[in-house]
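**Q** This is the structure I want to talk about, given as structure tokens.
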Amino acid sequence: MTPDFVYEALPQRVLFGAGRRHDVAAEIRRLGVRRVFVISDSANGNELADSLGDEVGFQVAATWRETAQHVPEDLAARARAAATAAAADAVVTIGGGSSTGLAKVIALSHDVPIVAVPTTYAGSEQTAIYAITGGRHKQTGKNALVLPRTVLYDPELTLGLPARVTGPSAFNAMAHSVEALYAPGANPVVSALAMAGVRAIHGSLPIVMADPGDLAGRTDLLYGAYLSGMALGATAAAFHHKICHVLGGTFNLVHADAHSVVLPHAVAFNASALPDEMAMLADAMRATDGDAAGALWDLAAASNVPTSLAQLGLQRDDLAEAANRAASEIGPNPRPYTAADILALLERAFSGDRPSPQRA
Ligand code: NAD
């Protein structure tokens, strides 16, 4: 029986498909803005940014090419000052989660709309979540001002995304869908979206890793990432995400790499408390033995993405601090946990072995 639920859909215009990048100028005009602050940080992103130089109806008031993961506070301060100096009334971001994250902190302080053109699978363009990092702490918040007004997904822009970014970024997206099954705000509509996201990612990631130039595979993967971003946007960061935030904010691990390592272990930890959700997840990944955590680890290993925290440069001595910080930030979780449980999870993720099912 379908349970009672509350679902708050987020307001946003989305254009999806190969070649959609050519609609960016028209979409900016549609917002009626005049002075655009354009953020980009990769070769094809910069090329698209440069093509916006001479437009009818608006002007590029400034361009910005410096971005960093987790949005360091000094970078945020400088970008905000540049947006003020340019008298920007909109931000266009063409890039991954780092570009989108910077656009969000400007939107937050300047109350201007964002047009986002994502070039990775991070999914930040689908959420009202922003982050700023200072003093080894990643502070996140939620505010409707930072949700991009318009998003243009063009899989052709992702054809050149290197394999070392593609695989982990796809796991970042996968994590959004997995956690949407049980995060605060979870509901059947979002679960349906999330499982469609998992199916799209699970089906397309091996194709894209084998042939990064496969446009059909890239299109499916970007679609899966879009759905997964929506799933996060409609729920909240939960158990696994909070652990990854600590690994990124305190130890400066690459966000997507941390996701690809931790996700199978976080799922293995929670599985016993989520039998129905795990059955759905296993089904979406065609795991006939019902072991969703194992299927995620297998996909990671087959996609050549990092599977151990040691591989990411974390030291064994860091695990206790990471566990204590995460335990104080996670909040409610389907399976009760202690800092010692998180430490044990991180130790398994550190060695990188395939997770085995756990008893509650
Ligand atoms: P990223 O934006 O740092 O991009 C990774 C690298 O790929 C960069 O060097 C970038 O220049 C390059 N790149 C991006 N697109 C490219 C392309 N098409 N071709 C070639 N190179 C390209 O990394 P990310 O994983 O996309 O984003 C991570 C950040 O996003 C983290 O700070 C994370 O916290 C944040 N994030 C936020 C949310 C949210 O809802 N707020 C959700 C997910 C991620």
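In our numbering, the protein residues as written are 870 to 1229.
Positions of the beta carbon are idealized from the N, C-alpha and C atoms, including for glycine.
In whole angstroms, what is the alpha-carbon distance linking SER1046 and ILE897?
**A** Cα-Cα distance, rounded: 30 Å.
**Q** Taking its Cβ as the centre, do 16 or more other Cβ atoms sit within 10 Å of TYR876, making it buried, or is it exposed?
**A** Classification of TYR876: exposed, given that the 10 Å Cβ count is below 16.
**Q** Taking HIS1110 and GLY1117 to be in contact with their CB atoms under 8 Å, please state how far apart those CB atoms are, rounded to whole angstroms.
**A** Not confirmed; about 10 Å, so no contact.
**Q** Using a Cβ-based criterion (distance less than 7 Å to any ligand heavy atom), does ALA1039 qualify as near the ligand NAD?
**A** Result no, Cβ not under 7 Å from the ligand NAD.
**Q** Quick one: using the 10 Å Cβ neighbour count with 16 as the cut-off for buried, is MET870 buried or exposed?
**A** The residue is exposed, with fewer than 16 neighbouring Cβ atoms inside 10 Å.
**Q** Comparing alpha-carbon positions, which option in VAL940, PHE906, THR936 lies nearest ALA952?
**A** If we check each option's Cα against that of ALA952, PHE906 comes out closest.
**Q** Under 6 Å Cβ to Cβ from ILE1240, same chain only, skipping five residues before and after it: list those, please.
**A** Because residue 1240 is not part of the residues shown, which for the chain are 870 to 1229, the question remains open.
**Q** Quick check on the DSSP output: what are the complete alpha helix (DSSP H) runs of length 4 or more inside the stretch 1057–1081, in order along the chain?
**A** Counting whole runs of 4 or more residues, the stretch 1057–1081 contains the alpha helix (DSSP H) stretches 1057–1079.
**Q** Less than 8 Å between the beta carbons of VAL925 and VAL961, yes or no?
**A** Against a cut-off of 8 Å, the Cβ pair of VAL961 and VAL925 comes out as no contact.
**Q** Nearest-angstrom Cα distance between ALA1162 and GLN1008?
**A** Using only the alpha carbons, I get a separation of about 29 Å.
**Q** Is GLN995 helix, strand or coil when you go by DSSP?
**A** Three-state DSSP puts GLN995 in a helix.
**Q** Terminal residues of the continuous beta strand (DSSP E) containing ILE963?
**A** Segment 959–964, the beta strand (DSSP E) holding ILE963.
**Q** Using a 10 Å radius around the Cβ and a threshold of 16 neighbouring Cβ atoms, would you call SER967 buried or exposed?
**A** Per the 10 Å Cβ criterion, buried.
**Q** Go through its chain and collect everything with a Cβ distance to ALA1100's Cβ below 7 Å, but skip five positions before and after it.
**A** Hits under 7 Å: HIS1045, SER1046, ALA1049, VAL1059, LEU1062, ALA1063, GLY1066.
**Q** ALA828 by DSSP, collapsed to three states: which one?
**A** Nothing about residue 828 can be read from this structure; the chain reaches only from 870 to 1229.
**Q** Grouping DSSP H, G and I as helix and E and B as strand, with all else coil, what is THR932?
**A** In the structure shown, THR932 sits in a strand (DSSP, three-state: E or B).
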